[in-house]
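Novice: First the structure, then my questions, so here it is.
Number of protein chains: 2
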Amino acid sequence: MTVRKDIEVVEVGLRDGLQNVAVAMSTDAKKDWLSGAAAAGILEIEACSFVPVKLFPQFADNEAVVAHALSLTPMTVSALTPNARGAADALAAGVQKLSFTLSASRRHSLANVRKTPEEQLGEFRRLIEVRDADGRGVTVTGGLSTAFGCTLEGEVAEADVCRLAEGLVGAGADDISLADTVGYASPADIRRLVRAVRREIGGKLTTLHLHDTRGLGLANVIAGIEAGITVFDASLGGLGGCPYAPGASGNICTEDLVFMLESMGLSTGIDLEALLELRARVEQHMPGAEFHGALARARLPKHWIPPRRRGISPK
Amino acid sequence: MTVRKDIEVVEVGLRDGLQNVAVAMSTDAKKDWLSGAAAAGILEIEACSFVPVKLFPQFADNEAVVAHALSLTPMTVSALTPNARGAADALAAGVQKLSFTLSASRRHSLANVRKTPEEQLGEFRRLIEVRDADGRGVTVTGGLSTAFGCTLEGEVAEADVCRLAEGLVGAGADDISLADTVGYASPADIRRLVRAVRREIGGKLTTLHLHDTRGLGLANVIAGIEAGITVFDASLGGLGGCPYAPGASGNICTEDLVFMLESMGLSTGIDLEALLELRARVEQHMPGAEFHGALARARLPKHWIPPRRRGISPK
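Here it is as C-alpha cells:
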C-alpha cells in the first residue's frame, strides 16, 4: 500500500508524552491509542521507550504494546533506545526503527546520563553493532537533543552540533534529527542550524523534534520546511511538557500541525477528523493530564476541505 | 526621538480585547495599560473604538483614554472608527490614526453592519471626507476583515479581496490591512493573498491582523514577513477571542510575537521583560478574563539576550 505524503508526521505521544506522567496508562488504553493512530493514517509512531522498568514503570508493557502496533500495517513502529541494551530489547520485540538521543549540551548530557557527548557517541557505536548483528537492516535515527540551546548551558555552539551530527552519521546513523528540547529556537535559529548541519551531512538531516514551550513550534515548522526538513515529530494534544517549565506545553501538537500542513496543501496522509476523535479518546484515558492545542477547542473551520482535495497546489 | 525597528507591532488589546468583554475596565486601569505599553516601547496602540456608547459602554471613556495616550510620546494613538461619525469624534479627541474595517465577506458584512461591502466603501469615502476636512492629514488604514474566509460564507474569493483593497486605496486609504478574523488562514493562504493584493496595490498593503484561533498565528506571521508585511496587530495575552469560537484564543499574543521577532534578530523596539510585567498588571485589571500565550507561562529562556544585541543579523 502506498500513501502519497509530502511531509511525514511521527506521533511520539506514547513515548515522550508518557515518560513524564506520574500515573501509568493501561496497556489497553495504549493499544486503543495505537489503533486510533493507525486508523487516522499516522504512518510512523514512537510506541515506547526501552529504558529500565525499575525507573520507568510506565514502560513495563513495551512488548505487548509493540506487538499490537506491529499488527497495524502500514504504520512503522519505532521506539526510543537510549543504549545498546535498549536496542537489543527493542529488536527482540520487533521494533522497526530505533531512535537514539545524544545531548549536544555537555552539561545537559552529564546531568542526564552522566556521560559526555563523546562517550554517548561510543554508546551509539555499540548500538549500531547490535543493529548490524541483528541482520534485518532496521533503520536507526540519531537525535541531537538541546541542539538549539539548553537550560543548563544556555547557547549550544553550532560547531558542536555539526561535529556530533557528523559523528552520528559516521557511526552508522541512517538519518539525523535535531531537537529543540526546551523550546528556545526561533525560525531564524531553525534556518541557520538546519543549513549548517546540512552543509556537513546533506540530506541525512531529515527530522525536527520541536517543543512548543514558547509558542513558536509551528512557526519553526514553516522555517524547517523551507530549509528542507520533511519529517516532524509531534504529540497528540501537545503532551510531553518539559519538567523544567511547569505549565508550558510540550511537543508540538499533532492535530494543529496536521491542520497547518493540510491547509497549506501539503499532504500528510492523515484524516484530521479521525485524529480529533482519537484525541478525545486519549483525553479520557489520561484524566488530569494537561492537553494543549488550539484546533481541538476551535474545531475545524466550517466547510473545511483539505486544499489538496480542492486542487490547490502547495506553495 | 527615533527608534530603529524592523517590524512594527501594534497593540490592539484595548480595542479588540475589550470590545467583547462583559465587564468594563476602569479608566484608571486603561491608563495604566497605556502607560505600561509606552514604557515597554510599544510604538503604536489602538486605544479604543468610536462606536455608539449605548451599545458599547466599555468605550464611554474614549476621550479621557485618548488624552492620556497622547501624553505618552512617541507612541502613535490610533482608534477604530467604523464610520464617518466615529471618525469625526476620534479626530475631535485628537486621535493620530484612524482604522476603518470593511468585511470582504458579503454575508458577514450584511450580518454585522447591515450593509454590503460596496455600501461600506461608500461609508469609507465619507470618512475620508471627514479626515480631509479636518486638515491635519491624519493617516487612515483601510482594513479588510474575513479576508481569509468567513464562518458564514466559507471561502472568500481572492478577486473580491483584491477589488475591495483597490476600492479602499482609490477612496483614499493610506495603507491596507488584511484580517484573518476567524483564524482560517494557513501560511500558504497568507503568501497567496498578500502576493495577490500586492500585485494590485503594491506597498500600500502593509499590515496583517491575525487571530490565533487554530494555533497558526505566529506561523502566519513568518509567511507574512516573507511576503513583505512589516506591521502586525497583536494583543497582550491574546485577548480578543472570536465570540463564535468559545474558548479559542483571539488575536496573536503580543508578548509571544515580540519574543519570536526579537529572537530572530528583527527589532521591534519593545522591551520584553517590561511587556511581561505589563501583562501581569493587566491580568490583575481583568479578573476572570482568559489570557493566552506561551511565554508568560514558560518565561524567557535563561541567559536570554535578544540576538540583535549579540550581533546576530536577521535572517
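Chains as they are written, first to last, in my numbering: chain D, 1 to 315; chain C, 1001 to 1315.
From the three backbone atoms N, C-alpha and C, an ideal C-beta is built for every residue, glycine too.
Just so we're clear, the structure is a prediction, and the values are computed from it rather than from any experiment.
#1: For D1256 (chain C), which residues in chain D fall below 9 Å Cβ to Cβ?
#2: Is the shortest distance between the beta-carbon of M1264 (chain C) and the beta-carbons of chain D less than 7 Å?
#3: Return helix, strand or coil for T1151 (chain C), following the three-state DSSP convention.
#4: Give me the residue from C:K1204, C:P1187, C:E1158, C:P1306 with the minimum Cα distance to R1214 (chain C).
#5: Along the chain, which unbroken stretches of the alpha helix (DSSP H) at least 4 residues long are found entirely within the segment 1129-1197 of chain C?
#6: Where does L208 (chain D) sit, in a helix, a strand or coil, going by DSSP?
#7: For chain D, check one thing: does any of its Cβ atoms lie closer than 7 Å to the Cβ of G1013 (chain C)?
#8: Thinking C-beta only, is L1272 (chain C) closer than 7 Å to V1258 (chain C)?
#9: Just to confirm the assignment, what range does the beta strand (DSSP E) spanning K1097 (chain C) have?
#10: Under the rule that 16 or more other beta-carbon atoms within 10 Å means buried, what is R1199 (chain C), buried or exposed?
#11: Looking at E158 (chain D): is its Cβ nearer than 7 Å to the Cβ of A104 (chain D)?
#12: Only counting the same chain, and skipping five residues up and downstream in sequence, which positions put a Cβ closer than 6 Å to that of F148 (chain D)?
#13: Which residue comes first and which comes last in the beta strand (DSSP E) that contains A79 (chain D)?
#14: Mind checking the segment 149-161 of chain D against chain C and listing, in chain order, the residues whose C-beta falls within less than 8 Å of any C-beta there?
#15: Express the C-alpha separation of T1141 (chain C) and A1038 (chain C) in angstroms, rounding to a whole number.
#16: Taking beta-carbon pairs under 7 Å, can you tell me which members of the segment 1289-1304 of chain C lie near chain D?
#17: What does a CB cutoff of less than 8 Å around L110 (chain D) pick up in its chain, not counting 5 residues either side in sequence?
#18: Let me make sure I understand the geometry here. Which of D:T207, D:G172, D:G41 has the alpha-carbon closest to that of D233 (chain D)?
#19: Chain D beta carbons: is any one of them nearer than 7 Å to that of A1280 (chain C)?
#20: If I measure Cβ to Cβ from R1191 (chain C) and keep anything under 6 Å in the same chain, skipping five residues before and after, which residues do I get?
#21: Going by beta carbon distance, what residues of the same chain come within less than 7 Å of L72 (chain D), once the five residues before and after it are set aside?
#22: Measuring only the C-alpha atoms, how far is H108 (chain D) from T146 (chain D)?
#23: Per the contact definition of three or more C-beta pairs closer than 8 Å, is the segment 1058-1067 of chain C in contact with the segment 1089-1100 of chain C?
#24: Show which residues of chain C have a CB atom less than 7 Å away from the CB atom of S186 (chain D).
#25: Under 7 Å, Cβ to Cβ, is there at least one residue of chain D near I1252 (chain C)?
#26: To the nearest angstrom, how far is the alpha carbon of G1135 (chain C) from that of S1049 (chain C)?
#27: Looking only at DSSP bridge pairs, what is A234 (chain D) linked to?
#28: For V1221 (chain C), go through chain D and note every residue whose CB falls closer than 8 Å to its CB, in chain order.
#29: Let me know the secondary structure DSSP gives A1084 (chain C) once reduced to three states.
#30: Using the three-state DSSP reduction, which class does N1112 (chain C) fall into: helix, strand or coil?
#31: By alpha-carbon positions, which one of D:M286, D:R106, D:E8 ends up nearest to M75 (chain D)?
#32: Quick check on the DSSP output: what are the complete alpha helix (DSSP H) runs of length 4 or more inside the segment 244-307 of chain D, in order along the chain?
#33: In the DSSP assignment, the alpha helix (DSSP H) including S1035 (chain C) goes from what residue to what residue?
#34: Run down chain D in chain order and give the residues with a C-beta less than 9 Å from the C-beta of G1183 (chain C).
#35: Kindly indicate which three-state DSSP category I225 (chain D) falls into: helix, strand or coil?
#36: Would the beta-carbon of I1201 (chain C) fall within 7 Å of that of A1165 (chain C)?
Specialist: Taking the structure as given:
#1: Per Cβ cutoff of 9 Å: R214, G215, L216.
#2: Yes, its Cβ sits closer than 7 Å to a Cβ of chain D.
#3: In this structure, T1151 (chain C) counts as coil in the three-state DSSP scheme.
#4: Among C:K1204, C:P1187, C:E1158, C:P1306, the Cα nearest to that of R1214 (chain C) belongs to C:P1187.
#5: Here the runs fully enclosed are 1158-1171.
#6: The answer is strand: DSSP assigns L208 (chain D) an E or B state.
#7: It does not: the Cβ of G1013 (chain C) has no partner Cβ on chain D nearer than 7 Å.
#8: Cβ distance < 7 Å, so V1258 (chain C) and L1272 (chain C) count as in contact.
#9: Run containing K1097 (chain C): 1097-1103, per the beta strand (DSSP E) assignment.
#10: R1199 (chain C) is exposed by the Cβ-count criterion.
#11: Contact check for E158 (chain D) against A104 (chain D) fails: the beta carbons are separated by 7 Å or more.
#12: Listed in chain order, the non-local C-beta contacts of F148 (chain D) below 6 Å within the same chain comprise D180, Y184, A185, D189, local neighbours out to five positions each way being set aside.
#13: Here the beta strand (DSSP E) through A79 (chain D) covers 76-80.
#14: Cβ contacts with chain C: G149, T151, G154, E155.
#15: When rounded, the separation of the alpha-carbon atoms in A1038 (chain C) and T1141 (chain C) is 21 Å.
#16: For the segment 1289-1304 of chain C, the beta-carbon criterion of a distance under 7 Å to any beta-carbon of chain D is satisfied by G1293, A1294, L1295, R1297, A1298, P1301, K1302, H1303.
#17: Cβ within range, chain order: T116.
#18: Residue D:T207 is the option with its Cα nearest to D233 (chain D).
#19: Chain D contact via Cβ: absent.
#20: These residues qualify, in order along the chain: A1223, A1227.
#21: The beta carbon of L72 (chain D) lies closer than 7 Å to those of L34, S35, A38 in the same chain, with the five residues before and after it left out.
#22: Looking at the two C-alpha atoms, the distance is approximately 8 Å.
#23: Contact annotation: the segment 1089-1100 of chain C touches the segment 1058-1067 of chain C, with at least three C-beta pairs closer than 8 Å.
#24: Using a Cβ-Cβ cut-off of 7 Å, S186 (chain D) is close to M1260, S1263, M1264 of chain C, given in chain order.
#25: So, not an interface residue.
#26: S1049 (chain C) has its alpha-carbon roughly 22 Å from the corresponding atom of G1135 (chain C).
#27: A234 (chain D) is bridged to D:E11.
#28: Result: A219.
#29: In the three-state reduction of the DSSP assignment, A1084 (chain C) falls in the helix class, which pools H, G and I.
#30: Per DSSP, reduced to three states, the secondary structure at N1112 (chain C) is helical.
#31: Among D:M286, D:R106, D:E8, the Cα nearest to that of M75 (chain D) is on D:E8.
#32: The segment 244-307 of chain D is shown to contain whole alpha helix (DSSP H) runs of 4 or more residues at 254-263, 272-285, 295-298, in chain order.
#33: Start and end: 1027-1040.
#34: Going along chain D in sequence order, the residues near G1183 (chain C) (Cβ under 9 Å) are A294, A298, P301.
#35: Note: I225 (chain D) maps to helix in three-state DSSP.
#36: Going by C-beta atoms, I1201 (chain C) is nearer than 7 Å to A1165 (chain C).
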